[in-house]
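Residue numbers (the numbering used here), protein chains in the order written: chain V, 2 to 288; chain R, 136 to 240.
Beta carbons are placed, not taken as given, at the ideal position from N, Cα and C, and that holds for glycine.
Keep in mind the model is a prediction, meaning the values are calculated, not measured.
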Amino acid sequence: MKPPRLLRWYPRAWRERYGEELLALIQDTLDDGRPTWRLRFGVIWAGLRERGHQARRTMVKRGDAYARWACIFIAGTIIANLPGDFKALPPPTRAWQYTVALWALIAAVVLTCAVVLADGMVAWPALVRFLRTGGWPKVRRRVTWAAAATGLAAGALAAVVLTVRSHPLTRLDTSLTYIVGLLGTAAALTVAVGLWAAAAGATARHLTLTPRVRAAQLVLNSLSWTAMLFLLSANLIWNSATQASVPWLLVGVSLLVLLSITAPRRIRGAVRQGRRVRARAAASRGR
Amino acid sequence: MAAKGLRRANDPPLLILVSLADGPKHGHALAKDIEDFAGVKLGPGALYGAITRLVESGLIEPLGSDDRRRPYRITPPGSAALATALADLRRITKAGLGRLGLDLA
């Protein structure tokens, strides 16, 4: 097997980035001799490991994306259910749980809004600069789609509110039309949030952010993800109080426990990544 | 800052960072240098596997080059990770030698 053919064992992206360098190294190592079996197996083994590494990374990335979409959909379902939840009265034995969970929910909403707002505010000067220098046409289509989806979702939510106000809950709980409407509203909310996230991502790619802002955004992104999951668990616990549902309570508490374990790690990782961004920028300034 | 993979004295990432600590080098120069100072012969596959991981974690970076032999240099986070790993190794070495009744030369 000739050295260039050994590269077939590596993923394509890796070959394009490092292939020529690896071939040059093999040539230097061989010094015009033939590749030994030891060298061939070493390269093949490294190529297979690289493929495994890339497959694992892709799986984690995809899993992360699916988990985010699932969370947004669950959040959409929760928001669509809110009118009915507010109308339902908690059983007297669970009134304390209802009050505690409601305050936790309000705190989570305030926290999430504050973090998302702060995330946007740190990039505000760069966004203004981008728009002033004629950047709007570059993101107009995405923002228009997101705004249209938001209008649609708000309309669907208003219809749910009106339906809940004009019908008794006992009747709505057994109505297939109402359940389909709720799921449709949740889907519309999911699409709206997803399109705003895509529009924000596309806009961020055009912004010139300082290393300090990029580092701050890394931390704020991890905080906003944590706040959203906290919001989700607080809502599940609140739901369990209004519907006297033990499974919802267990799911909510489990999510809270999982969050308290994973969130510090995620935030510490973001802080470290932010430090690396600033150190790299400082080093390139020093050269 | 501790980095993943910098655990043993003969870890390829650690050897590469040590080699790059005194200046940029390309693949072949790295392999020769590592063989000289550590007596470890890294094959091309193992060497480039470690280089890939180090670039991904931002501990080393490639320098611009028109040649196929692209040099790499250590980054400030890479220097910090190397210093931490070497301090850990020194502590372990000191403890081990002390227990054997030997001195750290």
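Along chain V, in chain order, which residues have C-beta atoms closer than 8 Å to that of residue i?
i      : result
R/A181 : G43 and A47
R/P206 : Within 8 Å Cβ-Cβ: nothing; R/P206 doesn't reach chain V, min ~10 Å.
R/G162 : E22, L23, A25, L26 and D29
Counting only beta-carbon separations shorter than 8 Å, does residue i have a partner in chain R?
i      : result
V/D29  : yes
V/R215 : no
V/E21  : yes
V/R130 : no
V/L219 : no
V/L158 : no
V/L26  : yes
Whole angstroms is fine: what's the gap from residue i's alpha carbon to residue j's?
i      : j      : result
V/R276 : V/N222 : 15 Å
R/L235 : R/A173 : 23 Å
V/W249 : V/S234 : 9 Å
V/L89  : V/G121 : First, the residue type needs correcting, since residue 89 of chain V is Ala and not Leu in the sequence shown. Each residue's alpha carbon lies about 36 Å from the other.
R/D157 : V/A14  : 30 Å
R/P206 : V/A71  : 44 Å
V/R279 : V/G34  : 46 Å
V/A150 : V/L196 : 8 Å
V/K139 : V/R215 : 21 Å
V/V254 : R/S192 : 35 Å
V/A245 : V/T145 : 42 Å
V/L184 : V/A102 : 24 Å
R/G233 : R/V153 : 25 Å
V/A199 : V/K62  : 16 Å
R/A166 : R/K176 : 7 Å
Please confirm if residue i has its CB atom under 8 Å from at least one CB of chain V.
i      : result
R/G199 : no
R/G184 : yes
R/T219 : no
R/M136 : Here the model assigns R/M136 a pLDDT of 43, short of 50, so the residue's position is not dependable and the matter cannot be decided.
R/T228 : no
R/R225 : no
Can you tell me whether residue i is buried or exposed? The criterion is at least 16 other CB atoms within 10 Å of its CB, across all chains shown.
i      : result
V/R41  : buried
V/L163 : exposed
R/I209 : buried
V/F87  : exposed
R/P227 : It should be noted that the sequence gives Ile, not Pro, for residue 227 of chain R. When all chains shown are included, R/I227 counts as exposed.
R/I281 : Outside the displayed range of chain R (136 to 240) lies residue 281 of chain R, so it cannot be described from this structure.
V/Y19  : buried
V/L219 : buried
V/S241 : buried
Using a Cβ cut-off of 7 Å, pull out every chain V residue sitting near residue i, in sequence order please.
i      : result
R/T193 : Checking the sequence, you will find Gly at residue 193 of chain R rather than Thr. Within 7 Å Cβ-Cβ: R277 and R281.
R/P212 : R277 and A280
Identify the contact partners of residue i in chain R, using a Cβ-Cβ distance below 8 Å as the criterion.
i     : result
V/E51 : G184 and T187
List the residues of chain R whose Cβ lies closer than 9 Å to the Cβ of residue i, in chain order.
i    : result
V/L1 : Lying before the first or after the last residue shown, residue 1 of chain V is absent from chain V, which here runs from 2 to 288.
Distance cutoff 8 Å, beta carbons only. Does residue i sit that close to anything in chain C?
i      : result
R/G236 : Although the question refers to chain C, the structure presented lacks it and instead comprises the protein chains V and R.
*Meets three-Cβ-pair contact criterion under 8 Å: the stretch 104–119 of chain V and the stretch 226–233 of chain V*: yes
*the stretch 184–195 of chain V / the stretch 245–264 of chain V touching (three or more Cβ pairs under 8 Å)*: no
_Can you confirm whether the stretch 36–52 of chain V touches the stretch 217–230 of chain R when touching is taken to mean that 3 or more C-beta pairs between the two stretches lie within less than 8 Å?_
no
*Would you be able to state if there are at least three C-beta pairs under 8 Å between the stretch 203–212 of chain V and the stretch 125–145 of chain V?*
yes
*Flag this pair as touching only if the stretch 130–139 of chain V and the stretch 164–177 of chain V have three or more C-beta atom pairs under 8 Å; answer yes or no.*
no
_Cβ contact (3+ pairs, closer than 8 Å) linking the stretch 72–83 of chain V and the stretch 56–63 of chain V_ = no
*Does the stretch 98–107 of chain V come close enough to the stretch 262–269 of chain V to have 3 or more Cβ pairs within less than 8 Å?*
no
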